[in-house]
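First comes the structure, then the notes that go with it.
Below you can see the structure in the form of structure tokens.
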């Protein structure tokens, strides 16, 4: 694939990821302003860290992509491009958990809890 075609694919996938996030976020966050609330409330319910809940969701999407990589003829339950777009969104969400955790640590260290 040449660079121009790759740029088109990248643009399409990022736009798809943004659209999916906009559509699904109100349901996943229960309209909470905290976009990470789904991970936090689920983690609290089962007694693990939000990052662990995130990891389980992320791996589910990775496994789906891997299934299609190993079995190219498999009929997808949803379009494969949405799986890749979901993975992009999960990377943003996972990194946001890390950033939020780091910011909390810095606030505690600086005494501005």
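Residue numbers (our numbering): 29 to 141.
Backbone N, C-alpha and C define an ideal beta-carbon position, used for all residues, glycine too.
* To do: Round the Cβ separation of residue 89 and residue 118 to the nearest angstrom and send it over; I've been treating them as touching at under 8 Å.
  => Right, their Cβ atoms sit about 6 Å apart.
* From residue 31 to residue 73, what does the alpha carbon distance come to, in whole angstroms? -> Separation of residue 31 and residue 73 (C-alpha to C-alpha, rounded to the nearest whole angstrom) is 46 Å.
* To do: Could you give the DSSP three-state label for residue 76: helix, strand or coil?
  => Correct three-state label for residue 76: coil.
* Is residue 62 helix, strand or coil by DSSP? -> Secondary structure at residue 62: coil, using DSSP grouped into helix, strand and coil.
* **residue 87 to residue 111 span [Cα, whole Å]** => Going from the Cα of residue 87 to the Cα of residue 111 covers about 11 Å.
* Asked: Do the segment 102-111 and the segment 122-131 touch if we need at least three Cβ pairs shorter than 8 Å?
  -> No, the segment 102-111 does not touch the segment 122-131.
* To do: Just tell me which of 114, 92, 51 has its CA closest to the CA of residue 105.
  => Of the candidates 114, 92, 51, the one whose C-alpha sits nearest the C-alpha of residue 105 is 92.
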